[in-house]
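In short: position in the sequence shown from 1, add 53, done, that's this note's numbering. The block underneath contains the structure these notes are about, expressed in C-alpha cells.
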Amino acid sequence: MNITYSSEVSAAKAEARPIVALESTIITHGMPYPRNVETAALVEQDIRDAGATPATIAVIEGTLHVGLEADQLKALGQAQNVAKVSRADMAACIATGGTGATTVAATMIAAHLAGIAVFATGGIGGVHKGAESTFDISADLPELAQTPVNVIAAGAKAILDLPKTLEFLETNGVPVIAFGQDSLPAFWSAQSDLKAPLRMDDTASIARAFVTRQAMGLPGGQLIANPIPETAQIKSDVLSPIIAQAQSEADTQGVIGKAVTPFLLQRIFELTEGRSLEANIALVRNNAKLAAQIAQELTALQG
Ligand code: PSU
Ligand code: MN
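Take a look at the structure:
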C-alpha cells in the first residue's frame, strides 16, 4: 500500500517515537470553516506539546496521506465536495483518484496500515436512534471489533442511542473504558446515567490492557471514553430538546445514510448558537492530550 507520510510523521516513525492519528471527517463534515482548520491545527499542537507526533489522515487525489503538512490541512478544510470515506468506500476513493476525509473507521484502517495504534477524535459513530427501523449503525463500531487501534473519544454523541451502542460493542467484544469515572461520558456532557463497562484511572493500565489483548490474539481495538472537561460541558437537560428537534427534522426531510451525522451536528450547532462547537473543540483537545500520554505508554511497553 502506497502511503505518503508528512515530514514529522516520517521522522517519528524512523525513531520509533509515539504518534497519534487524527481523523479528517471532523474537519470537513463536523465543524464549519474556519474554526475547523483552526481546531485541527490546535489539536495537532496539543499532541506535540504532550510529547507525541500528530498524524492527520486523509485521501488526497488518490493518495493515502498519514500526516498532513500545514498547507494540505488548510486546503482540505476549505475544499468543497470532499467525500466522507469509511471502510466501504476508502479503497474506491483511492483507486479513482478521489479526495476523501476519513471517518473513525477509515482512520483506524489507515493508522493500522501505518503502524499507529493510538487515535484521538471527538465522538465515534454509533447506533442511531430509531435503528430498529432504519438499521443505521455506524461502520465505526464493527471497525473497533476488528482493527487494533485505541480510539480516544468523549464517549458517544448524545444524538445516538447510547444503550444500543454499548450493547453492540459488548456483543462484538470491544472494551469500552471510561477514563477516571464510573459513568459513560456522553460527548457534550461529562456524565450519562449509563455505567461504563470498564473504568481505568491511569494511562499505563490502558496501554497494558491493549498489549494484553494482542498477546492473547484478540483482534480489534479499545474505545477509551474520556469525559469532556466540566467547564466546557453542556448539560443534557439543555441539549436533549435540541437533539430531539434536530432528529425530527432529519426524519421529516428524509436524511439518510452518511448524511445523517453531519446534518445533526450542523443543526445542533445552529440551535445552540455555536455552543455545541465550543464544547466539541474543548473535548477533542482534551482527547488529544490523553491520547498522547497513552501513545507514550505504549511506546514504552512495546520498546
Ligand atoms: N464526531 C464528531 N464529529 C464528527 C464525527 C464524529 O464530533 O464529524 C464523524 C466521525 O468521522 C465519525 C463519523 O466516524 O462522524 C460517523 O459517521 P456515521 O454516523 O455516518 O458513521
Ligand atoms: Mn450511519
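Here a beta-carbon is modelled for each residue, glycine too, at the ideal position from N, C-alpha and C. This one's a predicted model, so the numbers in the text were calculated from it and none came from an experiment.
Please look up how many angstroms separate the CB atoms of residue i and residue j, rounded, as I've assumed it's under 8 Å.
i	j	result
VAL119	ALA167	4 Å
LEU317	ALA332	Not a contact, Cβ separation roughly 15 Å.
VAL171	LEU351	6 Å
VAL264	GLN355	7 Å
Between residue i and residue j, what straight-line distance do the alpha-carbon atoms span, to the nearest angstrom?
i	j	result
ALA34	ALA353	Outside the modelled stretch of the chain, which goes from 54 to 356, sits residue 34, for which no answer is possible.
ALA65	ARG101	11 Å
VAL138	THR218	21 Å
PHE240	THR325	15 Å
ASP304	ILE296	12 Å
ALA243	GLY130	28 Å
ASP254	GLN234	8 Å
GLN267	LEU121	29 Å
GLU196	ASP246	26 Å
ASN227	ALA198	Looking at the sequence provided, one finds Val at residue 227 rather than Asn. In a straight line, the C-alpha of VAL227 is about 6 Å away from that of ALA198.
ALA111	GLY153	6 Å
ILE321	SER329	7 Å
ALA128	LYS288	35 Å
ALA341	GLY208	14 Å
GLU323	PRO85	11 Å
ALA144	MET54	11 Å
VAL308	ARG252	36 Å
GLN346	LYS210	24 Å
THR57	LEU194	27 Å
ARG70	GLN98	16 Å
ALA344	ILE259	10 Å
ALA158	SER60	24 Å
SER186	THR106	42 Å
ALA285	PRO250	25 Å
LEU75	GLN306	32 Å
ASP142	MET161	14 Å
LEU292	ILE212	10 Å
GLY270	SER63	29 Å
Which residues share a DSSP beta bridge with residue i?
i	result
LYS248	SER236
GLN275	ASN203
GLY208	ALA239
PHE188	None; PHE188 has no bridge partner.
ALA173	LEU75 and ILE205
THR116	ILE113
GLN253	Note that residue 253 is Met in the sequence shown, not Gln. Its beta-bridge partners are PHE232.
VAL180	ILE190
ILE56	LEU117
Would residue i and residue j be called neighbours here (beta carbons separated by less than 8 Å)?
i	j	result
GLY151	GLY115	yes
ALA163	LEU117	yes
ILE205	ASN279	yes
VAL73	ALA108	yes
SER77	THR149	no
VAL337	GLY175	yes
ASN339	GLN275	no
GLY104	GLN349	yes
ASP189	VAL96	no
LEU20	ALA231	As shown, the chain starts at 54 and ends at 356. That puts residue 20 outside it, with no answer to give.
PRO201	PRO272	yes
ALA93	ILE80	yes
HIS181	ASP214	yes
Within the continuous beta strand (DSSP E) that includes residue i, where are the two ends?
i	result
ASP107	Correcting the residue identity first, residue 107 is Pro in this sequence and not Asp. Element bounds for PRO107: 106-113.
ILE72	72-75
VAL138	136-138
GLY153	153-155
Over the uninterrupted alpha helix (DSSP H) stretch that includes residue i, give me the two end residues.
i	result
PHE263	256-268
LYS217	215-224
THR314	313-324
VAL62	60-67
ALA148	143-148
VAL96	88-102
VAL337	328-355
PRO382	Not covered by the structure: residue 382. The range shown for the chain is 54 to 356.
ALA123	123-131
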